[in-house]
Amino acid sequence: MNFNFTKEQELIQRSTREFAVKNIEPIAEQIDQTNEVPENVLRGLADLDVFGLSFPEEYDGAGADKESFVIVIEQLARVSQGVSMIVSAGTVALETIHYLGSGDQKRRFLPPCCRGEQISSFAFTEPGTGSDPKQLTTTYTADGDHYVLNGTKRFISNANFKGPMVVFAKESETGKVSAFIGEKWIDGYSISEPWKKLGLHGGPLLDVYLKEYRIPRENLLGEAGQGFDILQTGIAFGKLGSGACSLGGILSAYDEGLKYATEKLHRGAPIAKFQTVQMAIAQLVMLYDQTRWICYRLGQLANNPKDIVNYRKEAALAKAVAGTNHVEAARVMMDIHGSYGLMMDYKAQRIYRDAIMMKEVEGVTDLQKIVVAGTILAGMR
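Per numbering that gives the first Met the number 0, the sequence shown starts with residue 0, numbered consecutively.
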């Protein structure tokens, strides 16, 4: 695989890194403590065309490729996993609409989000679903020119922001699941307080309450009853961002591990002189390069996923590798720090908490393995 970036990609990487170092890194600890990303940071990201980076210019996107999206998420996640999660999670619904939506739906919902004026959500998970889509309880009924939804969604990213929401519900009588594009902050829509999470602070997760929540019939995504298929495609696109978040997290673990190893003295010399620490540094490099390869490869595939079933498999594989390596990199970094890594005064503990959290969101690792193996075995029949 060619890792020589184009001039455009180099510019995107440089401008994102400069913005992150100047505007996010100095307040990363504040974001972790308050669980909020300041509005000026989100406006700055919008000015950089981050929210619509890899969407076509006709929808007010920047028209960049998906590898460029990985570049941006990696650099944001390197300084703040919470900030990167807002952007990454905000593209899941947009990718789903762009790939499966009608021309009218794309024209109505993509531009405001690509401009950063709105941030979208993807609402499937419920209190009783876990990873089992058959346990969906949110229902919909047809009522004239609208569908009426009732139910509760759990752990929904960006539910506090204004914008569209791809939401899944089952038909009251038949139980068939469909996907819809709704608007947040209209009648029938309300949210909980943000969940207090182990990590990824700043990237909000909230419960969404739908009570007689009305969606126009023209906002049905795809065909009625196609909800599960749409769900699988949507979350596959989402894994491009979550994998890149882990990639940036691994780079952060490397940065912090190397910094500590060269600054911490033992008997007057940096601990980096010890071979055990040197092996840990090399291990961090190995984990980063493994993850980098699979994440940028997925970016290439996402540019034109001709076989969507195979793309789902590759996305699951990338998420499993990235999430697993993220946790391992954080553990190695903690080993370099020793007891100091356990202290809240050190950045290492935040990197570790974020890694534990990132591995589990947007699809636990064991489920990704099942998707990979299931696709392979199905192809042998």
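The beta-carbon is built from N, C-alpha and C at its ideal position, and this holds for glycine as well.
Residue i - DSSP class collapsed to helix/strand/coil
| i | result |
| --- | --- |
| residue 166 | strand |
| residue 212 | strand |
| residue 178 | strand |
| residue 145 | strand |
| residue 79 | coil |
| residue 200 | coil |
| residue 288 | helix |
| residue 269 | strand |
| residue 136 | coil |
| residue 42 | helix |
| residue 345 | coil |
| residue 251 | helix |
| residue 121 | strand |
| residue 340 | helix |
| residue 368 | helix |
| residue 114 | coil |
| residue 128 | coil |
| residue 224 | coil |
| residue 150 | strand |
Beta-carbon proximity of residue i to residue j, cut-off 7 Å
| i | j | result |
| --- | --- | --- |
| residue 49 | residue 201 | no |
| residue 77 | residue 322 | no |
| residue 335 | residue 287 | no |
| residue 237 | residue 327 | no |
| residue 163 | residue 108 | yes |
| residue 209 | residue 301 | no |
| residue 148 | residue 168 | yes |
| residue 91 | residue 181 | no |
| residue 374 | residue 312 | yes |
| residue 352 | residue 197 | yes |
| residue 113 | residue 60 | yes |
| residue 27 | residue 87 | no |
| residue 138 | residue 171 | yes |
| residue 317 | residue 297 | yes |
| residue 320 | residue 283 | no |
| residue 389 | residue 310 | Outside the displayed span of the chain (0 to 380) sits residue 389, for which this structure offers no information. |
| residue 357 | residue 251 | no |
| residue 187 | residue 217 | no |
| residue 140 | residue 125 | no |
Contacts around residue i, its chain only, beta-carbon distance under 7 Å, and the 5 residues preceding and following it disregarded
| i | result |
| --- | --- |
| residue 215 | 144 and 145 |
| residue 260 | 269, 270, 271, 276, 280 and 335 |
| residue 292 | 0 |
| residue 189 | 208 |
| residue 40 | 22, 23 and 82 |
| residue 16 | 74 |
Same chain, Cβ closer than 6 Å to residue i, five either side skipped, listed in chain order
| i | result |
| --- | --- |
| residue 115 | 45 and 50 |
| residue 243 | 69, 72, 73 and 294 |
| residue 223 | 177 |
| residue 345 | 339 |
Rounded Cβ spacing between residue i and residue j (contact assumed at less than 8 Å)
| i | j | result |
| --- | --- | --- |
| residue 220 | residue 99 | 6 Å |
| residue 227 | residue 132 | 6 Å |
| residue 118 | residue 165 | That pair is no contact at about 13 Å. |
| residue 152 | residue 206 | 7 Å |
| residue 56 | residue 8 | With 8 Å as the limit, residue 56 and residue 8 do not qualify as a contact, their Cβ atoms being about 17 Å apart. |
Checklist entry - Mind pulling the alpha helix (DSSP H) runs of 4 or more residues that sit fully within the stretch 44-108? => result Under the rule that a run must span 4 or more residues, the alpha helix (DSSP H) segments found entirely inside the stretch 44-108 read 65-78 and 80-99.
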